[in-house]
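Just so you know, the sequence shown maps onto residues 1 to 506 in this note's numbering. No residue lacks a Cβ here, since even glycine has one placed at the ideal position from N, Cα and C. Owing to the predicted nature of the structure, the values given are computational and were not obtained by experimental measurement. In what follows, a single structure is set out as structure tokens and then discussed.
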Amino acid sequence: MAAGSCPLLPEVPWCRFVVVGGGIAGVTCAERLATEFPSDDIVLVTASPVIKAVVNFKQVSRTLEEFDVEEQASSVLQKRCPNIKVIQSPVKRLKSEEHKIITEDGKEYAYEKLCLCAGAKPKLIAEGNPFVLGIRDTDSAAEFQKRLGKAERIIIVGNGGIALELVYEIQGCEVIWAIKDKAIGNTFFDAGAAEFLIPKLSAEKPEVPLVCKRTKYTTKVKRKKQTHQALDKLAVLLGPDWHEGLQLKGAKKLSHKVHIENLCEIKKIYLWEEFHKSGKVSLAFPKAQQDKEVMETEEEPWPVYVELTNGRIYGCNFIVSATGVVPNVQPFLDGNKFAIGEDGGLQVDKFMHTSLPDVYAAGDICTTSWKPSPFWQQMRLWTQARQMGWYTAKCMAADTLGEPTDMDFSFELFAHVTKFFNYKVVLLGKYNAQGLGSDHELMLRCTKGLEYVKVVMQNGRMLGAVLIGETDLEETFENLILNQMDLSRYGEDLLDPNIDIEDYFD
Ligand SMILES: Cc1cc2nc3c(=O)[nH]c(=O)nc-3n(C[C@H](O)[C@H](O)[C@H](O)COP(=O)(O)OP(=O)(O)OC[C@H]3O[C@@H](n4cnc5c(N)ncnc54)[C@H](O)[C@@H]3O)c2cc1C
């Protein structure tokens, strides 16, 4: 156990539990520790002036869950759990051998057990270019909205959840969407699901959104600009519905106007002067004529130009970089020999323990290294941040009390509910046949504009599913994946809409 004294609690020689990060993983971990150890003080050190809390949690089925996420002042958390002490200052160094962390304001906190939940940072296609915007927090989303209001054309780079939501939400502005894959939404869908969704990009948007059955994002705190210096550098990441309340409208009088450039990446970004001197030509927004796209050059000057690897050049007002995140490990590396996962996260074992003694990690910052269940994979999503935060606290508690721990059930099956293009989307297990090679079959059912159902089968057993629309199949499919029943004899009936498959399996 470390020597030294906790500056916050001078009467005790150390703080038993210190959690770093006020996002979903850190707050959930601290809350559970606070409940398990009511007579201990739990110290939560965070870079941001607000914390994120899970509210209205509902377990929809064995593994599917719904909850709202609320940005709250730390005083709200401290009121709810009086034994949590929130320190607002970014951690700049970890001295793991001395069991100490040092914050930017120069204070030191000694711990017996530490959990690192500092999230991830967005990857930007170009650092320091004023025409390249990454969306990662409430401030950058507001900046994006301000610039969009004056924009006639933007270029969005990336094919994950953020890009998908943006292209669907933006109106009144031409959008060139550059993706490196063949089909849109590659992180979540296959080409079939992408085809199902594409007509929505040209359709008028409904006035009232469909009922939203998934995690929701709300901000209760009045965010003052002057309290935000720390946030500029280390921002609170957003999650589902991050654009809610923001009007994503450009300067043109048009509804959706999206052109997709697939199988390409950004080759070069030019500012107007540089582009002008280069003698290169840019293209106008492609026109659709009889199912063909007509490409014409254009003379109109733009503040910035993007040359794609397919040779096409487009001018625009600004570029949105939505190309994923990298785990925020940097502040903790100096002097510590962490095992780092392939994707740059702190490697954790099945007890969420990093390679260093008494240091745990949860949420976007970590990379799981245990042999996963055949139907689970790590994805940097809100649900997993909550589940990991919760389970890590359980492991820390068990270790402290010398008790055994079982792997949490939430890691048995990957289950995620979200909404894309105003459709409810449920992803289960190996929904994209991840890691299965060619040794699998797909079964599909699709009603244009209404629903898309895809199941991944192997040897007659269901391994994963994508459900788009109000299919009501999630609970049945969740059970079929978990119990690995041999479904060969049902053949195509499995997806026949006229057969109530729930009756089959009762
Ligand atoms: C625009 C956007 C949209 C998204 N949409 C979705 C979605 O639709 N669905 C979904 O499931 N997920 C979505 N995500 C991902 C989701 O937000 C993350 O997976 C989740 O927030 C991770 O939680 P976390 O607690 O690990 O980290 P975070 O929520 O990032 O929290 C990290 C915390 O650590 C603090 N911190 C950072 N560095 C330090 C330091 N040095 N010292 C102290 N504290 C520090 C931060 O201030 C913050 O409080 C989205 C992300 C973005 C950016």
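Annotation for residue 48: no beta strand (DSSP E) segment contains it, and DSSP assigns it neither H nor E. When Cβ pairs closer than 8 Å are counted between the two stretches, the region 322-333 is seen to touch the region 119-130, the count reaching three or more. Residue range 161-169 is occupied by the alpha helix (DSSP H) that includes residue 167. Going by beta carbons, residue 164 and residue 135 fall outside the 9 Å limit.
When DSSP assignments are scanned along the region 97-148, the uninterrupted stretches of beta strand (DSSP E) that are 3 or more residues long and fall wholly within it turn out to be 100-103, 108-116, 120-122 and 132-134.
Look at residue 115: its beta carbon is at least 8 Å from all of the heavy atoms in ligand 1. Exclusion of the five residues before and after residue 250 leaves 148, 151, 172 and 173 as the residues of its chain whose Cβ lies within less than 6 Å of its Cβ. Look at residue 364: its beta carbon is less than 8 Å from one of the heavy atoms in ligand 1. Taken in chain order, the complete alpha helix (DSSP H) segments of 4 or more residues contained in the region 432-466 number zero; there are none. Of the residues 354, 455, 347 and 123, the one whose Cα lies closest to the Cα of residue 481 is 455.
At a cut-off of 8 Å, the beta-carbon of residue 106 does not count as near ligand 1: no heavy atom of the ligand is closer than that.
Excluding sequence positions up to five before and after residue 111, its CB lies within less than 8 Å of the CB of 2, 14, 15, 16, 17, 18, 43, 99, 100, 101 and 358, all in the same chain and listed in chain order. With 16 or more neighbouring CB atoms inside 10 Å of its own CB, residue 416 falls in the buried class.
Ranked by Cα distance from residue 57, the first of 335, 24 and 487 is 24. Contact holds between the region 81-88 and the region 21-36, because three or more Cβ pairs, one in each stretch, are under 8 Å apart. Assignment of residue 321 by DSSP, reduced to helix, strand and coil, places it in the strand class.
Residue 193 counts as buried, since no fewer than 16 other beta carbons sit within 10 angstroms of its beta carbon.
Boundaries around residue 78 are those of the alpha helix (DSSP H), 74-80, since no beta strand (DSSP E) includes it.
One Cα belongs to residue 400, the other to residue 412, and the distance between them is close to 25 Å.
Note that the C-beta distance between residue 388 and residue 429 is not below 9 Å.
Going by DSSP, residue 423 is part of the beta strand (DSSP E) stretching over 423-429.
Here the alpha carbons of residue 427 and residue 190 stand approximately 12 Å from one another. By the beta-carbon neighbour count (other beta carbons within 10 angstroms, threshold 16), residue 331 is buried. Between the beta-carbon of residue 343 and that of residue 367 there is about 6 Å, and that keeps the pair under the 8 Å contact cut. Per DSSP, the beta-bridge partners of residue 367 are 347. Under DSSP, the beta-bridge partners assigned to residue 315 are 305. Minimum Cα-Cα distance from residue 74 among the listed residues 485, 26 and 66 corresponds to 26. For residue 414, no beta strand (DSSP E) run applies, since DSSP gives it neither H nor E. Within the same chain, 171, 201 and 202 come within 7 Å of residue 256 by CB-CB distance, once the 5 residues on both sides are set aside. Between the C-alpha atoms of residue 495 and residue 313 there is a straight-line separation of about 45 Å. Straight across, the Cα-Cα distance linking residue 288 with residue 406 is about 57 Å. Between the alpha carbons of residue 308 and residue 452 lies a distance of about 32 Å. Burial of residue 178 is indicated by the presence of at least 16 other C-beta atoms within 10 angstroms of its C-beta. Straight across, the Cα-Cα distance linking residue 142 with residue 316 is about 19 Å. In this structure, residue 484 keeps its C-beta atom at 9 Å or more from the C-beta atom of residue 464.
Per the coordinates, the alpha-carbon of residue 65 lies some 31 Å from the alpha-carbon of residue 339.
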